[in-house]
Ligand SMILES: CC(C)(COP(=O)(O)OP(=O)(O)OC[C@H]1O[C@@H](n2cnc3c(N)ncnc32)[C@H](O)[C@@H]1OP(=O)(O)O)[C@@H](O)C(=O)NCCC(=O)NCCS
């Protein structure tokens, strides 16, 4: 199927479809109130040309990639803490006077159109555009797609797992590495969602009677319930770097 590339600066009417696609592709709690999520639409408003969309012949959204420009000196140590910090900085303090890199915060493909190269096409387009205005390329706090099956394995160990043929175990991380990205490290608390225990109990459909670590469907790590009556999901991500093309 031939898809057309556009973005929210050219087609702002796609905004509700972008939100719906991301929402349908993520566990519900990933869009709850958090420092990054409060600013998600601020990213659309401030950086509409960085919100890429692939649409079919009927104008229906098939895939989206969301990002924004960041300052980055090229060293792993100077990367932001993760997705929340990137959004707080870029939305509250505005565009950097000089963009060093583009940070991609989300790539989403409609489940009916997976494994068709659309994610690769979006990543390649972001790298190509970076060559024009962000010389250090593209950095991404990657959410490995199979990690929810292995919530107790530390992310650094999981990211190092290999298939018998030597390729990276996680399919999404593998896509990045095979496109030429390199791993820069783990962002331990990329996105943090802290909510009262009753909200998590409603989501899970069962009581969480005491403090401790609880499995969370779709979570990369367990939910941590504290004595203060709050549960915190602190999502780790794998930082990868794609050079500009
Ligand atoms: C992550 C995502 C964008 C990747 O899109 P995609 O079209 O699956 O990407 P790829 O074509 O590169 O597929 C990656 C691998 O998963 C496999 N795969 C994708 N969809 C699959 C499916 N439905 N069934 C089995 N395997 C599938 C592909 O075959 C590929 O494996 P390979 O490297 O052995 O060929 C997509 O899975 C998605 O939208 N997921 C939900 C949102 C998300 O988690 N985004 C990433 C964090 S921001």
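Numbering (our numbering), first residue to last: 364 to 608.
The C-beta atom is built at its ideal place from N, Cα and C for all residues, glycine as well.
Would you check if the distance between the CB atom of residue i and the CB atom of residue j is smaller than 9 Å?
i           : j           : result
residue 469 : residue 428 : yes
residue 483 : residue 415 : no
residue 500 : residue 464 : yes
residue 599 : residue 583 : yes
residue 594 : residue 557 : yes
residue 603 : residue 503 : yes
residue 597 : residue 554 : yes
residue 403 : residue 366 : no
Measuring alpha carbon to alpha carbon, tell me which of the options ends up nearest residue i.
i           : options            : result
residue 572 : 503, 554, 561      : 561
residue 479 : 538, 491, 606, 377 : 538
residue 401 : 421, 596, 447, 522 : 447
residue 588 : 598, 581, 577      : 577
residue 549 : 445, 412, 454      : 445
residue 496 : 425, 503, 460, 477 : 460
residue 511 : 551, 579, 395      : 579
residue 456 : 605, 409, 553, 574 : 409
residue 535 : 442, 422, 481, 606 : 481
residue 387 : 424, 485, 441      : 424
residue 574 : 591, 564, 566, 439 : 591
residue 392 : 606, 608, 565, 607 : 565
residue 405 : 570, 563, 458, 508 : 458
residue 542 : 530, 526, 419      : 530
residue 544 : 608, 509, 518      : 608
residue 390 : 439, 443, 567, 528 : 567
residue 407 : 377, 476, 507      : 377
residue 420 : 491, 605, 486, 364 : 364
Give a single yes or no on whether residue i has its beta carbon closer than 8 Å to a heavy atom of ligand 1.
i           : result
residue 570 : no
residue 604 : no
residue 535 : yes
residue 443 : no
residue 508 : yes
residue 389 : yes
residue 397 : no
residue 546 : no
residue 357 : Since the first residue of the chain shown is 364 and the last is 608, residue 357 is not available in this structure.
residue 472 : yes
residue 482 : yes
residue 560 : no
residue 541 : yes
residue 468 : yes
residue 505 : yes
residue 487 : no
residue 522 : no
residue 538 : yes
Could you please give me the residues that DSSP links to residue i through a beta bridge?
i           : result
residue 503 : 603
residue 553 : Paired residue(s): none; residue 553 is not in a bridge.
residue 339 : There is simply no residue 339 to check, as the chain begins at 364 and stops at 608 in what is shown.
residue 465 : 432, 501
residue 576 : 587
| task | Check whether the stretch 432-443 touches the stretch 374-387, taking contact to mean three or more Cβ pairs, one atom from each stretch, closer than 8 Å. | result | no
| said: Is it the case that the stretch 512-526 contacts the stretch 459-477, given that we only count it when at least three CB pairs across the two stretches are under 8 Å? | reply: no
| request: Kindly confirm or deny that the stretch 410-424 and the stretch 366-381 touch, where touching means at least three C-beta pairs closer than 8 Å. | output: yes
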